[in-house]
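Notes follow once the structure below has been shown.
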Amino acid sequence: MASSILFINGKGEILIYRRYRDDVSRAEVLQFCSKVVATKEVKEQPITLLDDVSFIHTTHDDITLVATTKSNPNAGLLMQFLFRVVDLCKAYFAGSFDENHIRDNFVLIYELLDEIMDYGYPQITDPDLLKEYITQGSKKIEVANAEKLRQITTRTTGAISWRSEGITYTNNIVYIDVIENVNVLISTRDTLLKADVQGKIVMKTSLSGMPECKLGINDKLLISSQGKESSSSTK
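Per my numbering, the sequence shown starts with residue 124, numbered consecutively.
Next up, the structure:
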């Protein structure tokens, strides 16, 4: 997977450089900074190949995040990981992601990079979970609380990191809304140009513990209507 993760400003200067493997040298990284980032070519394509090194990158507010590799990884996975890094930094920096915040919190960012990637493989990127044991400022965690540490460990190593244990509600209720939007485009001659239906299901749950829920859509009306149409067409 990834050999290193970099934060680069608009001038091509390296702000953060975290190496996970030794197959991509710093000289190769500097070549990318001078040829691509400094010349403003970084926004033209998300993947750049220089001397057998693949640079997968995305730019947000003049900050370019780069994942380097010499192997043949899943480029979509690494790109999604970079987007998650941006969201993670914004969660820690009150929605901001710029050079000043990166320089002021470079120690915190290195701690986060150590947690969210292991030997080039993405790990946990959930901001709510990471904030429980990677903090900033004077906020502290009582390490003597064994139960708190056990919950953090369970959420970190468990299959479900976004929901902690011990959640209880007085009433177990599930709210489901089915929202449909009908879009129609008609010309001045009353001719139908375009028509489509967009729908989404919004759900809010108040369920205790970790229940397994199976939800299905009642399609009896659809099946019955299709049956009536087929029968009428045969007649």
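By construction, the Cβ of each residue, glycine as well, lies at the ideal position given by its N, Cα and C atoms.
Cα-Cα separation, residue i to residue j
i	j	result
Phe-130	Ile-290	38 Å
Ile-179	Ser-194	12 Å
Pro-250	Gly-135	28 Å
Thr-311	Gln-321	24 Å
Leu-200	Asp-221	24 Å
Arg-141	Lys-213	19 Å
Pro-245	Leu-235	12 Å
Val-305	Asp-237	47 Å
Asp-319	Val-301	16 Å
Asp-185	Gly-332	44 Å
Tyr-292	Leu-253	25 Å
Leu-211	Ala-198	20 Å
Thr-162	Asn-223	22 Å
Cys-336	Arg-286	15 Å
Gly-339	Asp-313	39 Å
Assumed close pair residue i, residue j - CB separation to whole angstroms, cut-off 8 Å
i	j	result
Val-189	Glu-151	Not a contact, Cβ separation roughly 11 Å.
Met-240	Pro-196	With a Cβ gap of about 12 Å, Met-240 and Pro-196 do not count as contacting.
Ile-139	Phe-216	So it is not a contact: roughly 14 Å between Cβ atoms.
Arg-207	Thr-248	4 Å
Exposure label - residue i; buried when at least 16 CB within 10 Å
i	result
Val-297	exposed
Val-160	buried
Ser-157	exposed
Asp-243	For clarity, residue 243 is Gly in the given sequence; the question names Asp instead. It counts as buried.
Ile-232	buried
Ile-225	buried
Phe-155	buried
Tyr-143	buried
Leu-153	exposed
Leu-308	exposed
Ser-127	buried
Thr-192	buried
Leu-315	exposed
Beta-carbon contacts of residue i that lie in its chain and below 6 Å, excluding the five residues immediately before and after
i	result
Thr-171	Val-159 and Phe-178
Thr-187	Ile-131, Val-160, Val-165 and His-180
Pro-334	none
Candidates the options: closest to residue i by CA position
i	options	result
Val-209	Leu-252, Thr-258 and His-183	His-183
Leu-173	Ala-198, Lys-163, Val-147 and Asn-223	Val-147
Pro-169	Ile-137, Leu-205 and Leu-211	Leu-205
Leu-330	Leu-211, Asn-295 and Ser-219	Asn-295
Proximal residues to residue i (C-beta, below 7 Å), its chain only, five neighbours per side dropped
i	result
Ile-299	Ile-324 and Met-326
Met-202	Pro-169, Ile-179 and Thr-181
Cβ-based neighbour list, residue i, same chain, cut-off 8 Å, excluding 5 preceding and 5 following
i	result
Lys-317	Asn-306, Val-307 and Leu-308
Ser-219	Lys-213
Contact with chain C by residue i, beta-carbon distance below 9 Å
i	result
Met-333	Protein chains in the displayed structure number just one, and chain C is not present.
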